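Each residue of the sequence shown is one higher than the one before, starting from 1366 at the first, in our numbering.
Cβ coordinates follow ideal geometry from the N, Cα and C atoms, glycine included.
No experiment lies behind these values; they were computed from the predicted model shown.
Let me begin by presenting the structure, written as structure tokens, before commenting on it.
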Amino acid sequence: MAHPLSSWVSHHRQTHPAAPYGSTAAGDVPADIVHILASVLRHVQDGELPLFAWTLGLPQPSLLSLIERCFPEIGPLERMDDSDYADIGKIVPERYRQLVAALFAHRADSLNPEYADWLARAIAAAALGHRELWRDLGLSGHESVPALFQRHFPSFSAGLTRVPDWKSLLLAAAAPPHQEHAGGEFANAVFFDETQIDSWIGEDAPLLDLTTQLLGIGTRPARMQLRSRQATVAACTEEAVRLVERCGGRVERFVPSGSRVAAGQVLLSATGRADALLRAWKVAQNLLEYACGVATATAAMVDAVRAVNPDVAVLTTRKHPPGMRKLALKATLAGGAFPHRLGLGETLLVFPQHRALLDDWDVLRERLARVCGALSEKKVVIEAHDLDDAWQALAAGASVIQFDKLAPDALRAACNALRAHDGELALIAAGGIHAGNAADYAGCGVDALVTSSLHYAPPADIGVGIEPWPAADGV
């Protein structure tokens, strides 16, 4: 689509062949803002920036006013057909509008709001291009970007302790201000010490990265992004951050555990020497694929159960491969579930395997009565296979009945009978509960569902991109 700005850009390039454009202020518009506007519009014409950036998302009268005030030497521009201009307006992405608003909110107090709006629009357009931000803004290099923000949007990067990936920082600002959460408020209560982090790294690269060393690419500055290829729930991203940093990389941003992530969204972005990022790459990817897969399956089951009865909890067992407890626990917590029992010393849970070593239910009742003082801060949980077992367990002193592998119809009948007898009795369903039947079990009258299936969820599809990146200070 032809645009009248084409003739202006061509004219401007002929009359100002030497960079920087706008080296002299146009009226009271700061010279650097004029220069950036000229650069962005030029790169639109060159096809380096998206077509919508022709208009900077402005109404046509506002755009023509901008051109007249910033570039008076070219004279008034011919007005574009309103319907054609409106067609360009239809392709302005919402992400662009969000980023403009986010930048404008950080404008310097001394900057004219109208000029701040123009500059925010130019920067947002450059951020949505495919090249380095500084190139499309017409700046001298990567190191010139912080000065631009410090001058005109000083609070935008306030609090950063590291040199940021400015384009990623801008795109993150275009996201909704609050990440939707899966309900895993307790995910970060799980503690991983440095020895655990180091053991994961050492398992994959205990001596050296032979490929990186022989190719001679280890000292190149690079950027690594771990991106979810599907809608997922983030889990163990904090541990992935520690992995990357332990290897020598610098994480610029990440999505917290428990956050719901859209397909294509970056979970973690880091910069640093290539050898540091390549060392952390596969360990972090494997960690996130397992943890996010479990968290995603967990959140789906929790959502399905809550849709039937929001008061029914999803509890996860300790039936997972040895050595995986912390990872499995954090991943299921991130998805909104809670642990059923973390170890043998945590609760008194009587299984049929225990009762087989006693003579009968009467002996169990006597033993429990004898140690009631030791159980003053704990509940007694007894597993039952049917309603007859449940009555025996109740008589033996159970405060919680855990039904194992009882079909939904039979479970519903058992719960109704027990509730009629004792409205305070806690009831749990366990055994064979999975994504396909959790909703059915949630409507049976139990307080919680216990499942092991979530630990074996399919891994999340996490893609990793590593690319050369302009060297920043200290990289």
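Close beta carbons around residue i, own chain, < 7 Å, minus the five adjacent residues each side
i       : result
Leu1692 : Cys1601, Tyr1655, Ala1656
Glu1433 : Pro1441
Ala1628 : Ser1593, Arg1594, Gln1595, Ala1596
Ser1509 : Trp1499
Pro1542 : Bear in mind that the predicted position of Pro1542 carries a pLDDT of just 48, short of 50, making it too unreliable to give a figure here.
Ala1570 : Arg1644
Bridge partners - residue i, DSSP secondary structure assignment
i       : result
Gln1590 : Ser1634, Gly1830
Leu1791 : What sits at residue 1791 in the sequence shown is Ala, not Leu. For Ala1791, which the question treats as bridged, DSSP gives the partners Val1765.
Ala1749 : Phe1768
Arg1516 : The partner list for Arg1516 (beta bridge, DSSP) is empty, contrary to what the question assumes.
Ala1627 : Beta-bridge pairing links Ala1627 to no other residue.
Val1815 : Leu1680, Ala1795
Spatial distance of residue i from residue j (CA atoms)
i       : j       : result
Ala1779 : Leu1713 : 23 Å
His1307 : Arg1496 : Outside the displayed span of the chain (1366 to 1840) sits residue 1307, for which this structure offers no information.
Ile1562 : Glu1610 : 11 Å
Ser1522 : Trp1565 : 33 Å
Gly1567 : Leu1575 : 14 Å
Pro1823 : Arg1472 : 45 Å
Ala1662 : Ala1599 : 11 Å
Trp1531 : Thr1682 : 43 Å
Ala1749 : Leu1790 : 14 Å
His1705 : Leu1680 : 5 Å
Phe1469 : Ala1396 : 19 Å
Tyr1461 : Pro1586 : 29 Å
Gly1828 : Leu1573 : 24 Å
Phe1716 : Val1673 : 29 Å
Asp1753 : Gly1810 : 18 Å
Phe1703 : Ala1696 : 10 Å
His1820 : Val1659 : 6 Å
Ala1390 : Gly1494 : Low confidence applies to Ala1390: its pLDDT is 43, below 50, so where it sits in the model is not reliable, and the reading given next is rough at best. Approximately 26 Å, taken between the alpha carbons.
Gln1515 : Ala1467 : 15 Å
Ala1664 : His1799 : 13 Å
Asp1812 : Gly1762 : 19 Å
Residue i beta carbon near the ligand FAD (any heavy atom closer than 6 Å)
i       : result
Leu1692 : In the structure on display, the ligand FAD does not appear, and there are no ligands present to speak of.
Close Cβ partners of residue i (< 8 Å) along its chain, the five nearest in sequence each way excluded
i       : result
His1546 : Gly1623, Ser1624, Arg1625
Thr1584 : Arg1638, Ala1639, Asp1640
Leu1423 : Leu1431, Arg1486
Leu1723 : Leu1729, Arg1732
Own chain partners of residue i with C-beta closer than 6 Å, once the 5 adjacent residues on each side are dropped
i       : result
Asp1826 : Arg1594, Gln1595
Val1457 : Phe1417, Gly1422
Three-pair Cβ contact test at 8 Å for the stretch 1551-1560 versus the stretch 1793-1803: no
The stretch 1662-1669 contacting the stretch 1603-1622, beta-carbon criterion three pairs below 8 Å: no
The stretch 1629-1649 contacting the stretch 1728-1741, beta-carbon criterion three pairs below 8 Å: no
Validate contact between the stretch 1483-1494 and the stretch 1391-1410 using beta carbons, cut 8 Å, 3 pairs: yes
Three CB pairs or more closer than 8 Å across the stretch 1769-1777 and the stretch 1638-1654: no
Complete alpha helix (DSSP H) runs within the stretch 1459-1511 (minimum length 4 residues, chain order): 1459-1469, 1478-1492, 1498-1501
The stretch 1781-1788 / the stretch 1797-1807 touching (three or more Cβ pairs under 8 Å): no
Those runs of the alpha helix (DSSP H) which lie wholly inside the stretch 1534-1582 and span at least 4 residues: 1559-1569, 1575-1580
Length-filtered (4 minimum) alpha helix (DSSP H) runs lying within the stretch 1381-1442: 1396-1410, 1425-1435
Entirely enclosed alpha helix (DSSP H) segments - the stretch 1647-1707, minimum 4 residues: 1690-1699
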